[in-house]
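Presented below is the structure to which this report refers.
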Amino acid sequence: MSSDMERYYKENGRKVFLYLMALCGNADIAEELTQETFYRALRSLKKYKGECSVYTWLCSIAHNAWLEELRKRSKHKSEEISELTEDTAPRPDEEAESEDGRMRLLKKIHSLPETEKEIILLRASQELSFREIGEIFGKTENWARVTYYRAKQKLADSR
1416 MSSDMERYYK ENGRKVFLYL MALCGNADIA EELTQETFYR ALRSLKKYKG
1466 ECSVYTWLCS IAHNAWLEEL RKRSKHKSEE ISELTEDTAP RPDEEAESED
1516 GRMRLLKKIH SLPETEKEII LLRASQELSF REIGEIFGKT ENWARVTYYR
1566 AKQKLADSR
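Spelled out as structure tokens, the structure:
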């Protein structure tokens, strides 16, 4: 592994894992996808031009790895996909009054369309800017902002 890649892993490995854990709710899958993310990053390191932060670049790779995992799993029974999200533990940063409230909120987040769910998680748990979120999706900052607020509105409307 190159020295740059080792540094990137030391600085971002845990954050990428937590991002993937928030998406899938399964530590084994998140670990596997984290490894896949850094493997892909190593293979494409020469293509990284520094136009965004290393973490944003890694999240875009992780995002694509997660989407591929969902596509693979969608070929199987739909119950398997729901198993990925049912076991997600609540995070302490979620704004809810009780354990039940946190679980309800988390279930609502995981019931959102994949893109909206991911944007909510990137913003809330990873504290990424709308610009960084837009870069991960290959979209504009405004797109990320609008999509985030629409997703928040859906969550509020579902109370």
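1416 is the number of the first residue of the sequence shown in this note's numbering; add one for each residue after it.
Yeah, the Cβ is synthetic: ideal placement off N, Cα and C, and Gly gets one too.
| Check | Outcome |
| --- | --- |
| Where C1474 sits in the DSSP three-state scheme | helix |
| Burial state of L1442 (16 or more Cβ within 10 Å) | Reading off the sequence, residue 1442 comes out as Ala, not Leu. Classification for A1442: exposed. |
| I1444 beta carbon less than 8 Å from that of E1483 | no |
| Where the alpha helix (DSSP H) containing S1418 begins and where it ends | S1418 to C1439 |
| Beta-carbon spacing of I1551, C1439 below 8 Å | no |
| Assigned exposure category for V1561 - 16 Cβ within 10 Å defines buried | exposed |
| Supposed close pair E1547, S1459 - CB separation, criterion 8 Å | Not a contact, Cβ separation roughly 19 Å. |
| Backbone secondary structure at S1373 - three-state DSSP | Summary: the structure shown does not reach residue 1373, with the chain confined to residues 1416 through 1574, and so no result is reported for it. |
| Beta-carbon separation (whole angstroms), A1566 vs E1531, contact threshold 8 Å | 4 Å |
| N- and C-terminal bounds of the alpha helix (DSSP H) containing E1550 | F1545 to F1552 |
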